[in-house]
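Residue numbers (numbering that gives the first Met the number 0), protein chains in the order written: chain A, 0 to 141; chain B, 0 to 141.
Built from N, CA and C at the ideal position, the CB exists for glycine as well.
Computed from a prediction, not measured in an experiment: that's the story for all the values here.
Beneath this line is the structure, given in structure tokens, with notes to follow.
There are 2 protein chains.
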Amino acid sequence: MVKNRNFIEKLRELGLRPTKQRVKMCEVLFNREKTFHFTINDLVKMISEEMNEKISLATVYNTVHALEKKGYLKEISINSDKSYFDTNTSVHHHFYDEDTQELIDCDGNDIDPINIKKNITGKKINSVEVLVKVASDNQNQK
Amino acid sequence: MVKNRNFIEKLRELGLRPTKQRVKMCEVLFNREKTFHFTINDLVKMISEEMNEKISLATVYNTVHALEKKGYLKEISINSDKSYFDTNTSVHHHFYDEDTQELIDCDGNDIDPINIKKNITGKKINSVEVLVKVASDNQNQK
DNA sequence: ATCTACATTATAATAATTCTAAACTGTTGA
DNA sequence: TCAACAGTTTAGAATTATTATAATGTAGAT
Ligand SMILES: [Mn+2]
Ligand SMILES: [Mn+2]
Ligand SMILES: [Zn+2]
Ligand SMILES: [Zn+2]
Chain A
0 MVKNRNFIEK LRELGLRPTK QRVKMCEVLF NREKTFHFTI NDLVKMISEE
50 MNEKISLATV YNTVHALEKK GYLKEISINS DKSYFDTNTS VHHHFYDEDT
100 QELIDCDGND IDPINIKKNI TGKKINSVEV LVKVASDNQN QK
Chain B
0 MVKNRNFIEK LRELGLRPTK QRVKMCEVLF NREKTFHFTI NDLVKMISEE
50 MNEKISLATV YNTVHALEKK GYLKEISINS DKSYFDTNTS VHHHFYDEDT
100 QELIDCDGND IDPINIKKNI TGKKINSVEV LVKVASDNQN QK
């Protein structure tokens, strides 16, 4: 989503009413240089730091899912108890640091294109994603 | 885990007491020809079908996690609200059918080995897993 | 301005997972 | 033999993550 822009217009274009909750969330999510990864709880914390009134947790879920459906957020699968979201909606792979529980984007040329030789009859491929789990090198050292 | 075997011995070898709950769970999980994927709820259903007394949900979680730690179960990441587990503990990739919410194993030669060119300093790679999401071909057809 | 239909919010409910107190079991030593 | 004790295991209670829905808000239509 375009940075430093009137999110009111932008939300209207998407068919979403530009409520104060949504505009604030868009500012927190998209008014920045780099894309980033977050959990719902991270986001709630970020919002409350920038805002006096608090947005209800359910509304944060609602809006995140609305923006996901419109293609402005992506959900990332991790072996974990909570969902991660990504403001980088391009097709890309991830490193997951099991020590810090942080996601790191894989650049296009960090991993060669994946060639899938099998195909499931009647099904088409929607996405191909690689997850590389990493952890501290000196975990079990002598 | 070896099929058609005395799970009592086997559990003892792992340092787990062979309680009736655990032995029954091992039978349900490992006394079969092929490996399979399941959610905790799937497993509870399978157990109650084969057993009169029911095992508490917390115990199912405990035992699944114990077997996972011992390397006899693997957790699989999916964009979803529940965890999937796999009795196939080898390194392998998956197709995920978004229509039926079923996991399908990728054979070794369905996907070429993934070459990771980037490395995170001080971190070692623990796993590299590909998830291929598929869905019905004629979803949005004219 | 008022009505109406739909969109949105946020509380209440549910589902998934974990915590922990009570029950169990294996070991030790009288 | 068999308490006493120290883990271990179970499962009900508690917590956390997510969703359902009742209440509230809003954009036309009249
Ligand atoms: Mn989602
Ligand atoms: Mn786990
Ligand atoms: Zn990313
Ligand atoms: Zn598998």
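Contacts that residue i makes with chain A (C-beta to C-beta distance below 7 Å)
i              : result
residue 101(B) : Simply none; closest approach about 10 Å.
residue 151(B) : Because residue 151(B) is not part of the residues shown, which for chain B are 0 to 141, the question remains open.
Nearest neighbour of residue i, chosen from the options [CA to CA]
i              : options                       : result
residue 103(A) : 109(A), 94(A), 111(A)         : 94(A)
residue 129(B) : 111(B), 121(B), 25(B), 100(B) : 111(B)
residue 144(B) : 82(A), 37(A), 134(A), 123(A)  : In the structure as shown, chain B starts at 0 and stops at 141, and residue 144(B) therefore has no counterpart that could be examined.
residue 76(B)  : 62(B), 69(B), 101(B), 52(B)   : 101(B)
residue 62(A)  : 124(A), 23(A), 115(A)         : 23(A)
Per-residue contacts from residue i into chain B (C-beta, under 7 Å)
i              : result
residue 122(A) : 96, 133, 134, 135, 136
residue 78(A)  : 74, 76
Counted within 10 angstroms of its Cβ, other Cβ atoms place residue i as buried (16 or more) or exposed
i              : result
residue 56(A)  : exposed
residue 21(B)  : buried
residue 121(A) : exposed
residue 64(A)  : exposed
residue 132(A) : buried
residue 141(B) : In this prediction, residue 141(B) has a pLDDT of 30, which is less than 50 and means its spatial position is unreliable; nothing more can be read from the coordinates.
heavy atom of ligand 4 below 7 Å from residue i C-beta
i              : result
residue 104(B) : yes
residue 36(B)  : yes
Contacts that residue i makes with chain A (C-beta to C-beta distance below 9 Å)
i              : result
residue 111(B) : 111, 113, 114, 116
Listed by chain order, chain A residues near residue i by CB distance under 8 Å
i             : result
residue 15(B) : Near residue 15(B) there are no residues of chain A at all, since even the closest Cβ is about 22 Å away, more than 8 Å.
Listed by chain order, chain B residues near residue i by CB distance under 8 Å
i              : result
residue 106(A) : 117
Strand pairing of residue i, partner residues [DSSP]
i              : result
residue 49(B)  : Answer by DSSP bridge pairing: none, since residue 49(B) is not bridged.
residue 134(A) : 123(B)
residue 98(B)  : BP columns for residue 98(B) are empty, so no partner.
residue 6(A)   : None; residue 6(A) has no bridge partner.
residue 93(B)  : 104(B), 130(B)
heavy atom of ligand 3 below 7 Å from residue i C-beta
i              : result
residue 85(A)  : yes
residue 193(B) : Only positions 0 to 141 of chain B appear in this structure, which leaves residue 193(B) out of reach.
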